[in-house]
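Engineer: For the sequence shown, position 227 (counting from the first letter as 1) is numbered 227 according to this note's numbering, and the numbering increases by one without interruption.
All C-beta atoms in this analysis are idealised placements derived from N, C-alpha and C, irrespective of residue type, glycine included.
Predicted model, so just to flag it, every value in this text is computed and none were measured.
Okay, here's the structure, questions in a sec.
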Amino acid sequence: MGNVSTYKEVWLRAMVTPSWFLDELAHAGSEHLDPGYVPGYDRKAGTDPADDLDVLRDLGLNETHTLVDLGAGTGTFALAAAPLCRRVIAVDVSPVMLARLRQRAAQSGIENIECVQGGFLSYEHQGAPADFVYSRHALHHLPDFWKAVALAHIAAILKTGGVLYLRDLVFSFEPDEATHAIETWLANAPEHAEQGWTRAELETHLREEYSTFSWLLEPMIEHAGFAIQSINHGASRVHSAYTCIKG
Ligand SMILES: C[S@@+](CC[C@H](N)C(=O)[O-])C[C@H]1O[C@@H](n2cnc3c(N)ncnc32)[C@H](O)[C@@H]1O
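Next comes the structure, spelled out in structure tokens:
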């Protein structure tokens, strides 16, 4: 079983990263690189992976499968998925997030998670093509041009018929509704940072990161070679989840 050729290999052949290539670490969000922030991340995020696991199980995830989690963070989903899969590859640009993930895996006695420091663009998949790619709340670190490149890269990692389950902060409102939708979102933010993302943190996201409109992202997903099987735009119209099948 050969390695999957990445778009970078195709483009560059000589494995030289050009000076115009995006610096993924510089766009990772400084908090994700902060050893003072990461230990409190899981409590702040309060993520329950159960619903996402159900979705992937319903799509056929089983103990023969390889799942790649891109932007895995401290590994809440990767750790929950590992007992259901043969191989989980947890990829993140942040060495601090990955250190926490490794620690949690060791504490839980989970041995089939491989932690890889890499990004949506720079990760080089080894081994047979993946059956599933999962990514939650991470793709917004890339501007749209690089999102499209990343989606093509994800398609190259997956086998034909493989599944991309993508969740992110994606805006499913029209531009002229932006003020109302964003202000409603910000007004519902918790007051304290331990309870979630505060108004000030969400404002930083809006200024400095790259949430995109659903009506831009969806054609990008399809252009990368996926059929979108299901779309769930959250009621707040700032989160979306996509089940995508590689054609
Ligand atoms: C908000 S956290 C989400 C983590 C995890 N998926 C979760 O749902 O809890 C975003 C993660 O994306 C990672 N990240 C940022 N840019 C990335 C990139 N270009 N490639 C891979 N991971 C990236 C950050 O280091 C961080 O761990």
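Within the continuous alpha helix (DSSP H) that includes residue 67, where are the two ends?
Structural biologist: Per DSSP, residue 67 belongs to no alpha helix (DSSP H); it is in the beta strand (DSSP E), 66-70.
Engineer: On the three-pair Cβ rule with 8 Å, is the stretch 74-86 touching the stretch 110-125?
Structural biologist: Contact between the stretch 74-86 and the stretch 110-125 is present, because at least three Cβ pairs lie under 8 Å.
Engineer: Which residues mark the beginning and the end of the beta strand (DSSP E) in which residue 114 is found?
Structural biologist: Residue 114 -> beta strand (DSSP E) spans 113-117.
Engineer: Would you tell me roughly how many angstroms separate the C-alpha atoms of residue 137 and residue 87, rounded to the nearest one?
Structural biologist: Each residue's Cα considered, the two are about 22 Å apart.
Engineer: In its own chain, which residues sit with a C-beta less than 6 Å from the C-beta of residue 140, not counting the 5 before and 5 after it?
Structural biologist: The answer, listed in chain order, is 168, 169, 209, 210 and 211.
Engineer: Rounded to whole angstroms, what is the Cα-Cα separation between residue 159 and residue 132?
Structural biologist: Those two C-alpha atoms are separated by around 9 Å.
Engineer: Closer than 6 Å to a non-hydrogen atom of ligand 1 - does that hold for the CB of residue 86?
Structural biologist: The answer is no for residue 86.
Engineer: In angstroms with no decimal places, state the Cα-to-Cα distance between residue 31 and residue 231.
Structural biologist: Cα to Cα, the separation comes out at about 30 Å.
Engineer: For a test of your reading of the model: does the CB of residue 120 fall under 6 Å from any non-hydrogen atom of ligand 1? Yes or no.
Structural biologist: Yes, the Cβ of residue 120 comes within 6 Å of a heavy atom of ligand 1.
Engineer: Would you mind stating whether residue 96 and residue 16 have Cβ atoms separated by less than 7 Å?
Structural biologist: Result no, Cβ atoms of residue 96 and residue 16 do not sit closer than 7 Å.
Engineer: Residue 120 and residue 67: beta carbons closer than 7 Å?
Structural biologist: Against a cut-off of 7 Å, the Cβ pair of residue 67 and residue 120 comes out as no contact.
Engineer: Locate the beta strand (DSSP E) running through residue 160, then write down its first and last residues.
Structural biologist: Taken as a continuous stretch (DSSP letters only), the beta strand (DSSP E) holding residue 160 covers 158-168.
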